[in-house]
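Novice: So in UniProt numbering, spot 17 of the sequence shown is number 17, and the numbers just go up one at a time.
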Amino acid sequence: MSTVFRLDSSIRGEGSVTRAVADTLESALVADLDGAAVLRREIGLTPLDAAAWGLSAFAGYVPEDQRSPEQVKAMALATELADELVAAEAYVFAVPFYNFGVSQHVKAWVDLLMTEPRFAPGTQSIAGRPAFLVIARGGGYGAGTPREGWDHATAWLTRVFSDIWGLDLQIIESELTLADVNPAMAELRELAATNLEEAHNAAHKHGKRLAVVLSAA
Ligand SMILES: Cc1cc2nc3c(=O)[nH]c(=O)nc-3n(C[C@H](O)[C@H](O)[C@H](O)COP(=O)(O)O)c2cc1C
1 MSTVFRLDSS IRGEGSVTRA VADTLESALV ADLDGAAVLR REIGLTPLDA
51 AAWGLSAFAG YVPEDQRSPE QVKAMALATE LADELVAAEA YVFAVPFYNF
101 GVSQHVKAWV DLLMTEPRFA PGTQSIAGRP AFLVIARGGG YGAGTPREGW
151 DHATAWLTRV FSDIWGLDLQ IIESELTLAD VNPAMAELRE LAATNLEEAH
201 NAAHKHGKRL AVVLSAA
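#1: With respect to 7 Å, is the separation between the Cβ of Asn-99 and the closest non-hydrogen atom of ligand 1 below this value?
#2: What do you get for Gly-15, buried or exposed, if any count of 16 or more other CB atoms within 10 angstroms of its CB means buried?
#3: Report buried or exposed for Arg-129, applying the criterion of at least 16 other Cβ atoms within 10 angstroms of its Cβ.
#4: With three or more C-beta pairs closer than 8 Å as the rule, is the region 118-135 touching the region 49-69?
#5: Drop a sphere of 10 angstroms on the beta-carbon of Ile-11, count the other beta-carbons inside from all chains shown, and report buried for 16 or more, exposed for fewer.
#6: With a threshold of 7 Å (Cβ to nearest heavy atom), would Ile-11 be considered close to ligand 1?
#7: In chain order, what residues of the same chain have a beta carbon less than 6 Å from the beta carbon of Phe-161, not counting five sequence neighbours either side?
#8: Per DSSP, what kind of secondary structure is Val-134 in: helix, strand or coil?
#9: In the region 76-122, which residue ranges form an unbroken alpha helix (DSSP H) of at least 4 residues, counting only runs that do not cross its ends?
#10: Could you compute how far the alpha carbon of Glu-42 sits from the alpha carbon of Val-106?
#11: Going by the DSSP bridge assignment, what does Thr-3 pair with across the sheet?
#12: Measuring CA to CA, which of Glu-175, Ile-171, Asp-8 and Gly-144 is closest to Gly-138?
#13: Just the Cα atoms here: how many angstroms apart are Ala-90 and Ile-135?
#14: Give the C-beta separation of Ala-214 and Ser-9 to the nearest angstrom, bearing in mind that I take them to be a contact with Cβ-Cβ under 8 Å.
#15: Within this structure, are the beta carbons of Val-4 and Ala-28 separated by less than 8 Å?
#16: Is the region 59-73 in contact with the region 83-99, if contact means three or more CB pairs nearer than 8 Å?
#17: Assuming Leu-178 is part of the alpha helix (DSSP H), what are its boundary residues?
#18: On a CA-only basis, which of Ala-217, Ala-216 and Leu-7 is nearest Val-110? Give me that one, please.
#19: Specify, as a first and last residue, the run of the alpha helix (DSSP H) that Val-58 falls within.
Following this line, the structure appears as structure tokens:
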């Protein structure tokens with residue numbers, strides 16, 4: 001039985017592009033894999049306690065018998081998050097682009113994990129395992145666009161997943177997802193639809209490939 005970890009972090013349930021594209025990848029994977037367990041962590045609709053990171057960061061320097069109940073709880077949450085990642089053979093991280101970066105919910109999850117000895121920078125607990133970052137941006141940030149260089153999420157997420165945790169990362173991107181609801185973007189609707197279709201196609205392809213890789217393992 002293969003275990004795949006899936007992170008969802010959109011602050012909306014209905015209409016979320018990252019959830020829909022991650023669903024496509026998951027469906028393709030599960031259809032082709034004999035016995036797959038998907039281990040889910042939802043941090044968009046049910047965020048982690050924002051105070052947990054600060055508590056856990058310093059709790060490690062406090063002798064075990066002197067830790068406060070809040071510190072013990074925060075460390076236990078960090079351990080739980082780390083256990084989830086270690087238990088999986090592959091990863092799907094669905095992360096929306098908010099305010100030119102990632103949400104505090106995603107940052108809190110990463111920060112808390114990095115307080116855990118298995119996920120501190122320099123550790124390689126899950127290195128080499130396949131991972132997919134499914135990211136959706138409302139606008140366009142490609143080369144030559146007015147906001148080229150304003151995407152401060154993708155590079156940071158790549159740094160964490162690929163360079164720090166050593167995952168074998170593929171990125172599945174959707175752009176212009178606000179074109180349908182923003183009248184100022186009306187002329188970009190066709191391009192947005194193509195872009196979304198390509199993201200679903202890529203997710204489907206990656207799901208099928210991952211099934212082959214996990215079946216052979
Ligand atoms: C609070 C909020 C802030 C956002 N900030 C940005 C932004 O800075 N740039 C951008 O291109 N899109 C922005 N968006 C649009 C999202 O990136 C877009 O809706 C994306 O599809 C969200 O992922 P989801 O569809 O999975 O919810 C924002 C959306 C929300 C709700």
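No residue lacks a Cβ here, since even glycine has one placed at the ideal position from N, Cα and C.
Specialist: Checking against the coordinates, here is how it stands:
#1: In the sequence shown, the residue the question calls residue 99 occupies position 99. Yes; taking the cut-off as 7 Å, the Cβ of Asn-99 has a heavy atom of ligand 1 nearer than that.
#2: Taking the first residue of the sequence shown as 1, we reach residue 15 at position 15. Per the 10 Å Cβ criterion, exposed.
#3: Here residue 129 refers to the residue found at position 129 when the sequence shown is read from its first residue. So Arg-129 counts as buried.
#4: no
#5: As a position in the sequence shown, residue 11 is number 11, starting the count at 1. Classification for Ile-11: exposed.
#6: If you number the sequence shown from 1, residue 11 lands on position 11. Yes, since a heavy atom of ligand 1 falls inside the 7 Å radius drawn around the Cβ of Ile-11.
#7: Taking the first residue of the sequence shown as position 1, residue 161 is located at position 161. Counting only Cβ-Cβ distances below 6 Å, and skipping sequence neighbours, we find Ala-131, Leu-167 and Leu-169.
#8: Counting from one through the sequence shown, the residue named residue 134 turns up at place 134. Note: Val-134 maps to strand in three-state DSSP.
#9: 104-114
#10: Here residue 42 is taken as the residue at index 42 of the sequence shown, counted from 1. Here residue 106 is taken as the residue at index 106 of the sequence shown, counted from 1. Roughly 10 Å separates the two Cα atoms.
#11: Position 3 of the sequence shown, counting from 1, holds the residue named residue 3. Ala-37.
#12: Locating residue 138 in the sequence shown gives position 138, where the first residue counts as 1. The residue with the shortest Cα to Cα distance from Gly-138 is Glu-175.
#13: On the sequence shown, residue 90 is found 90 positions in, with the first residue counted as 1. On the sequence shown, residue 135 is found 135 positions in, with the first residue counted as 1. Straight-line Cα distance between these residues: approximately 17 Å.
#14: Start at 1 with the first residue of the sequence shown, and residue 214 comes out as number 214. Start at 1 with the first residue of the sequence shown, and residue 9 comes out as number 9. Note on residue identity: the sequence assigns Leu, not Ala, to residue 214. Contact flag wrong, Cβ pair sits at about 24 Å.
#15: For the purposes of this step, residue 4 is taken as the residue at position 4 of the sequence shown. For the purposes of this step, residue 28 is taken as the residue at position 28 of the sequence shown. It is not a contact, given that the beta carbons lie outside the stated cut-off.
#16: no
#17: Residue numbering aside, residue 178 sits at position 178 when the sequence shown is read from its first letter. Taken as a continuous stretch (DSSP letters only), Leu-178 belongs to no alpha helix (DSSP H), as it is neither H nor E.
#18: In the sequence shown, counting from the first residue as 1, residue 110 sits at position 110. Residue Leu-7 is the option with its Cα nearest to Val-110.
#19: Along the sequence shown, one-based indexing puts residue 58 at 58. First, the amino acid is wrong: residue 58 is Phe here, not Val. Where Phe-58 is concerned, the enclosing alpha helix (DSSP H) stretches over 52-59.
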